[in-house]
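Engineer: Below are the structure tokens for one structure; questions will follow.
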Amino acid sequence: MNEQEKWNYINTLEEELLLGGVILSEWSTFLAKDAELAFCSGANLAAILAAQAAIESHLRYVYFDPVQTKGWGLYHLIENAGLPNDLNNSLHKLRKYRNQWVHVEYPTQDDHLLEKPEYYEEELEEMAKLAIKSMLRVLYIDQFL
140 MNEQEKWNYI NTLEEELLLG GVILSEWSTF LAKDAELAFC SGANLAAILA
190 AQAAIESHLR YVYFDPVQTK GWGLYHLIEN AGLPNDLNNS LHKLRKYRNQ
240 WVHVEYPTQD DHLLEKPEYY EEELEEMAKL AIKSMLRVLY IDQFL
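Each position in the sequence shown, counted from 1, maps to that position plus 139 in my numbering.
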């Protein structure tokens, strides 16, 4: 996807998912905007990380008291937010995928990354698409008319 196709993807998702009004914190808004900018600019890993930060921020803002969730990671937030099962599954898939990139176990085993970077770029782009969609679903889940 080129940059314009990515913006069109986001706009289509917003038209599909946003049917009313939502209340977002400034943190969630800032992080979501950054995720979208990263995605459209081709920084797919950055898009995944920023989208998950926006998701975490929004879940804390809408569903939990900050004292209650002190020390909770994204896993606990997802499990305790009461989100639809398909969204839960997508968020856990993203979380696990992100962990592979954030917590690299064997940084010296990089032959495949060097030999086939296009494989990783394609995979990252698909996961970034899922991250953007999941982020918007979380941000727009509690709408009012």
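Where a beta carbon is used, it is the ideal one built from N, C-alpha and C, also for glycine.
Computed from a predicted structure; not experimentally measured.
Given a cut-off of 8 Å, decide if leucine 176 and tryptophan 240 are closer than it, judged by their beta-carbon atoms.
Structural biologist: To locate residue 240, count along the sequence shown from 1; it is residue 101. To locate residue 176, count along the sequence shown from 1; it is residue 37. Contact flag unset, no.
Engineer: Near lysine 272, what residues of its chain come up, given a Cβ to Cβ distance below 7 Å and the 5 sequence neighbours on each side ignored?
Structural biologist: Here residue 272 refers to the residue found at position 133 when the sequence shown is read from its first residue. For lysine 272, where only same-chain residues beyond five positions count, the Cβ hits under 7 Å are Leu152.
Engineer: Is the beta carbon of leucine 269 closer than 8 Å to that of leucine 233?
Structural biologist: If you number the sequence shown from 1, residue 233 lands on position 94. If you number the sequence shown from 1, residue 269 lands on position 130. It is a contact, given that the beta carbons lie within the stated cut-off.
Engineer: How would you write the range of the alpha helix (DSSP H) that tyrosine 245 sits in, first residue to last?
Structural biologist: Here residue 245 corresponds to residue number 106 of the sequence shown, with the count starting at 1. That residue, tyrosine 245, is in no alpha helix (DSSP H); it is neither H nor E in DSSP.
Engineer: Would you decide whether serine 229 is buried or exposed? Buried here means 16 or more other CB atoms lie within 10 Å of its CB.
Structural biologist: Counting from one through the sequence shown, the residue named residue 229 turns up at place 90. Counting Cβ neighbours within 10 Å, serine 229 comes out buried, since at least 16 surround it.
Engineer: Who pairs with phenylalanine 283 in a beta bridge, going by DSSP?
Structural biologist: For this step, residue 283 is matched to residue 144 along the sequence shown. Note: phenylalanine 283 sits in a beta bridge opposite Gly160.
Engineer: Thinking leucine 170 and alanine 189 are a contact (beta carbons under 8 Å), I'd like their distance in whole angstroms, please.
Structural biologist: Numbered from its first residue, the sequence shown carries residue 170 at position 31. Numbered from its first residue, the sequence shown carries residue 189 at position 50. Contact flag correct, Cβ pair sits at about 6 Å.
Engineer: Starting from alanine 220, follow the alpha helix (DSSP H) in both directions and report where the run begins and ends.
Structural biologist: For this step, residue 220 is matched to residue 81 along the sequence shown. Where alanine 220 is concerned, there is no enclosing alpha helix (DSSP H), given that its DSSP letter is neither H nor E.
Engineer: Output yes or no for whether 8 Å exceeds the beta carbon distance between leucine 252 and tyrosine 259.
Structural biologist: Mapped onto the sequence shown, residue 252 falls at position 113. Mapped onto the sequence shown, residue 259 falls at position 120. Cβ atoms of leucine 252 and tyrosine 259: closer than 8 Å.
Engineer: Specify, as a first and last residue, the run of the alpha helix (DSSP H) that aspartate 173 falls within.
Structural biologist: As a position in the sequence shown, residue 173 is number 34, starting the count at 1. That run of the alpha helix (DSSP H) goes 165–180.
Engineer: According to DSSP, simplified to helix, strand and coil, what is threonine 208?
Structural biologist: For the purposes of this step, residue 208 is taken as the residue at position 69 of the sequence shown. Three-state DSSP puts threonine 208 in coil, outside helix and strand.
Engineer: Quick check on the burial criterion: 16 or more other C-beta atoms within 10 angstroms. Buried or exposed for leucine 222?
Structural biologist: In the sequence shown, the residue the question calls residue 222 occupies position 83. Flag for leucine 222 reads buried.
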